[in-house]
Amino acid sequence: MKRILIPAGGALLATGLLAAGLATTAQADPGHATKTLAKDAAIAKAVVDFWAKTNGAALKAATASDIWTKTDVSQMQSKGGYSSDTKPGSTAPIGEETKTEAKVQNVNMPKTIGKVFFVNSKGEKKWCSATSIQSTHRNLVSTAGHCVYDTEAGKDVMDKWVFVPGYYQGRAPWGIYVGYQAFTHYDFDVYEDFDRDYAFVTVYNGLALGGGTAKRVTKAEFDAYKGIKDAKDVEVSREEYRKGKLDPKTADYYWREKGEAAEASGPDFPGAEVTKVEVAEAVWKAARMGQGNGRKFGEPETENVTYNDAWDYLQKQRQNPRQYPGTVKLDRRGNSTITHYYVQQWFKPGSDSKYFKTVFFIVDGAVKDAGRLGDNVGGQGFAWNQPTGKYVRVFGYPAAPHPDGNKAYTGVTPKWCYGKTSAKLVGSAAKKIEEHLALKCAMTEGADGGPWLYNYSNSKRLGYVNGVTSTFNDQDKNGRVDYISSPYFDGETNTVYKAAAASWSPKLF
């Protein structure tokens, strides 16, 4: 057990930081701190929309967490053995799966693991590894503290934080779970003590994606909708742009990119171009033939329409005859027509504006309540104050290259390591770490936050979270990661976990 001691002035400074905006429970229990991620359902739905729209484009664009630089990947030093602060203990997992006859050499990946996605203070889309863990309300995620708190941005939480169990190339098979409240150790929250680099995050009920139908809507409906939506820009003619701007009932939004506007001219101007302008039948009949502004532009154009279309056009004409000057023939027997008449308008050549309309869609029925995280994928157990030198199985999504540039992993699928934890605690002076467990493993960044599972059952795919991947180390100095480390989970870790595991989080619908 390690506690940071600071002089009285430092204590006052820390108190001031908390008063300035960190939502903690330090008065009731100084061992842990909390911070809200998405404070209400409207914000949470907007977060899901950010990650899921355009077929999960933002999820696919995210890259692995990269807070450790090449110089950070260094050697660890052996320290003394662990010092438990309470008796060893554990909390059983939930959602045991049916036993299967699995061969010993095959490792069944737990359904609970996945990626946490977030946006850091630089605006970068990043991800870490994580797992669902047992809790009262089946709503809890375990990961590394640096995958929740942005240590480069004044200890604030990451933006747009979500957990996607079973994530694979933009797909979320069990839904997307938006972070509601983060629980960390007080020493990590205030002092960035990486001996406490772990976090437990309560999440909203999941949102299931897919199965919806695209529905065209107005801009007002698009703006008000909180689910999955999309908008497309389509180039249109000047005539359609003018009509669209004047029609208050249109569902589309018309706009233009201004160029060097063409000026009206006559047909004799070098390079002059002619356009057609629709006019009433009487104006066209009075116009002369030949070239010139206001002269006839070809013969009348008659289109066959339905009776309802003709009636609708007629109503628009009564409201705005200049925009709808055509001649309407109503015939219930199916011979309704609209005849259009055009005259010439000549322009000097130039860089005309381009005209566009934005078409709005919502994916109706695409977002549904997926239920609680633990009900869908189960939850790993939790263990603390366990002896070192025990076998664990570690899971994660490594993606970053080794310090020498070799890229051994893609981050697309989860990987695992297996072995005994170090018999002694280890440290890193560069990272101010004094009490970490180490494991021989070559996984690189992207795997950080992934669970260290003690007593893992390959048939049930369940075990006990007894650590999370925090750092990556090169013990033999050959430019390759060969050891990873985790904070030692002691009684203070259990205090943080218990506070998180008892906390409720809301539904989105």
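In terms of this note's numbering, the sequence shown is numbered consecutively and its last residue is 510.
Even for Gly, the Cβ is constructed at its ideal location relative to N, Cα and C.
What residue range is occupied by the uninterrupted beta strand (DSSP E) comprising Arg394? Tyr392 to Gly397
For Asn456 versus Trp385, is the C-beta distance shorter than 8 Å? Taking the C-beta atoms as reference points, Trp385 is found no nearer than 8 Å to Asn456.
Does DSSP put Trp175 in a helix, a strand or coil? coil
Once the 5 residues before and after Lys349 are set aside, which same chain residues still bring their CB inside 7 Å of it? Once the five neighbours on either side are set aside, the close Cβ partners of Lys349 are Ala263, Glu264, Ser266, Phe270 and Ala273.
Should Met159 go down as buried or exposed, given a rule of 16 or more other Cβ atoms within 10 Å for buried? buried
So, for Asn321: in the same chain, excluding its five sequence neighbours on each side, which residues have a beta-carbon less than 7 Å away from its beta-carbon? Leu247
So what's Asp198 in DSSP terms, helix, strand or just coil? coil
Below 8 Å on the Cβ atoms is my guess for Asn467 versus Ser486; work out the distance and round it to an integer in Å. So it is not a contact: roughly 13 Å between Cβ atoms.
Output needed for Phe51: all residues of its chain with C-beta closer than 8 Å, excluding positions within five of it in sequence on either side, in chain order. Ala59 and Lys161
For my contact list, Lys127 and Ala63 are in at a C-beta cut-off of 8 Å; report their separation, rounded to the angstrom. The pair is a contact, with the Cβ atoms about 6 Å apart (cut-off 8 Å).
Name, in chain order, the residues that DSSP records as bridge partners for Ser266. Note: Ser266 sits in a beta bridge opposite Trp347.
In the structure shown, what three-state DSSP assignment does Glu125 receive? coil
Going by alpha carbons, who is nearest to Gly1 out of Val108, Gly57 and Ser133? This structure cannot settle anything about residue 1, because the visible part of the chain is limited to 2 through 510.
Short check: CB of Phe357 to CB of Glu236, under 8 Å? yes
Beta-carbon proximity list for Thr276, same chain, < 6 Å, skipping 5 on both sides: Gln346
Keeping to the same chain, check which residues put their C-beta closer than 7 Å to that of Gln565; ignore five residues upstream and five downstream. What the structure shows of the chain is the stretch from 2 to 510, and residue 565 is not part of that stretch, so it cannot be assessed.
Three or more C-beta pairs under 8 Å: does that hold for the stretch 475 to 482 against the stretch 403 to 417? yes
As assigned by DSSP and simplified to three states, the class of Phe189: helix
Going by DSSP in three states, Phe510 sits in which element: helix, strand or coil? coil
Which class does Leu463 belong to by DSSP, given the choice of helix, strand or coil? Strand at Leu463.
With distances taken Cα to Cα, identify the nearest neighbour of Tyr1 among Tyr325, Thr219 and Arg197. Within the shown structure, residues of the chain are numbered from 2 to 510, placing residue 1 beyond reach of any answer.
Measuring alpha carbon to alpha carbon, tell me which residue in Asn459, Leu440, Ala281 and Thr340 is nearest Tyr453. One detail in the question is off: residue 453 reads as Trp in this sequence, not Tyr. The shortest Cα separation from Trp453 among Asn459, Leu440, Ala281 and Thr340 belongs to Leu440.
Only counting runs of 3 or more residues, tell me where the beta strand (DSSP E) segments fall wholly within the stretch 235 to 290, in order along the chain. 254 to 258 and 274 to 280
Measuring only the C-alpha atoms, how far is Gly397 from Ala131? Between the alpha carbons of Gly397 and Ala131 lies a gap of roughly 7 Å.
Is it buried or exposed, Thr144, if we count other Cβ atoms within 10 angstroms and call 16 or more buried? It is buried - the Cβ of Thr144 has at least 16 other Cβ atoms within 10 Å.
Nonlocal neighbours in the same chain, by C-beta distance under 6 Å from Lys432, ignoring five residues either side: The beta carbon of Lys432 is closer than 6 Å to those of Phe195 in its chain, skipping five residues each way along the sequence.
Check Gly380 in the structure and name its three-state DSSP category. strand
In terms of residues, what are the limits of the beta strand (DSSP E) holding Lys36? His33 to Thr37
Under 8 Å, do Lys233 and Val360 count as touching if we go by C-beta distance? yes
Tell me whether Lys408 is buried or exposed, calling it buried when 16 or more other Cβ atoms sit within 10 Å of its Cβ. exposed
Thr64, DSSP secondary structure in three states: strand
Determine, using beta carbons only, whether Leu374 and Arg139 come nearer to each other than 8 Å. yes
Quick one: is Gly413 buried, meaning 16 or more other Cβ sit within 10 Å of its Cβ, or exposed? Reading off the sequence, residue 413 comes out as Val, not Gly. Counting Cβ neighbours within 10 Å, Val413 comes out exposed, since fewer than 16 surround it.
Where His147 falls: helix, strand or coil (DSSP): helix
With burial defined as no fewer than 16 other Cβ atoms inside 10 Å of the residue's Cβ, what is the status of Gly450: buried or exposed? buried
Are the CB atoms of Gln182 and Thr152 nearer to each other than 8 Å? Against a cut-off of 8 Å, the Cβ pair of Thr152 and Gln182 comes out as no contact.
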